[in-house]
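Visitor: Before anything else, here's the structure in question.
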Amino acid sequence: MPGKTYITGSGGANDICSSAREVVVTLAQSRQRFVEKAPYVTAPGRRVTTVVSDLGVYEKADEHGELVLTGVYADRAEGDAVAAARAACGWDLAVAPTLRRFEAPDPDQLRLVRMFDPRRYFLG
436 MPGKTYITGS GGANDICSSA REVVVTLAQS RQRFVEKAPY VTAPGRRVTT
486 VVSDLGVYEK ADEHGELVLT GVYADRAEGD AVAAARAACG WDLAVAPTLR
536 RFEAPDPDQL RLVRMFDPRR YFLG
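Numbering-wise, the sequence shown is residues 436 to 559 according to this note's numbering.
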């Protein structure tokens, strides 16, 4: 990426994205990560159906569709959540007419997630 250091190669991501029926992406959202056009692509995005960020849930209607904000977290007022998601997005974000509200995970759900992220790469 311009002005950034990156390592070339997909590290297997292309194999996974090309052969998986569905791909769900999770990330901390920012304008630097939610860009309108990626300058460097290592794997096709056709199979990405859902993106879950710390600001909301985004879905595509089909493999060539645009990501649309379809859900927000219940700990924030809906208007504030939409404003935060738009502010951390590098394009004119589409928002579904009705947003789903997601509650914080319960202790059992957190325990399960932590089993898959013991080094806390994703959970922080």
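We put the CB at the ideal spot given by N, CA and C, even for glycine.
Keep in mind that this is a model prediction, so the values were computed, not measured.
Provide the residue span of the beta strand (DSSP E) that contains leucine 504, from first to last.
Guide: Working through the sequence shown from its first residue, we reach residue 504 at position 69. 503–508 is the extent of the beta strand (DSSP E) around leucine 504.
Visitor: Which of helix, strand or coil does DSSP assign to valine 476?
Guide: As a first step, residue 476 must be located in the sequence shown, where it is residue number 41. Coil, per DSSP.
Visitor: Valine 492: which of Thr477, Gln467 and Ala531 sits nearest, CA to CA?
Guide: Here residue 492 is taken as the residue at index 57 of the sequence shown, counted from 1. Of the candidates Thr477, Gln467 and Ala531, the one whose C-alpha sits nearest the C-alpha of valine 492 is Ala531.
Visitor: Please look up how many angstroms separate the CB atoms of threonine 505 and arginine 535, rounded, as I've assumed it's under 8 Å.
Guide: One-based indexing of the sequence shown puts residue 505 at position 70. One-based indexing of the sequence shown puts residue 535 at position 100. Confirmed, Cβ separation roughly 6 Å.
Visitor: Work out the CA separation of arginine 555 and arginine 546 for me, nearest whole Å.
Guide: The sequence position of residue 546 within the sequence shown is 111, counting from 1. The sequence position of residue 555 within the sequence shown is 120, counting from 1. Spanning the two alpha carbons is a distance of roughly 12 Å.
Visitor: May I ask you to report which of helix, strand or coil DSSP gives proline 553?
Guide: One-based indexing of the sequence shown puts residue 553 at position 118. Coil, per DSSP.
Visitor: Just to confirm my understanding: we take aspartate 552, look at its own chain, exclude 5 residues before and 5 after, and list those with CB closer than 6 Å. What are they?
Guide: Translated into positions along the sequence shown, residue 552 becomes position 117. Once the five neighbours on either side are set aside, the close Cβ partners of aspartate 552 are Leu558.
Visitor: Grouping DSSP H, G and I as helix and E and B as strand, with all else coil, what is alanine 531?
Guide: Within the sequence shown, residue 531 is the residue found at index 96, counting from 1. Strand, per DSSP.
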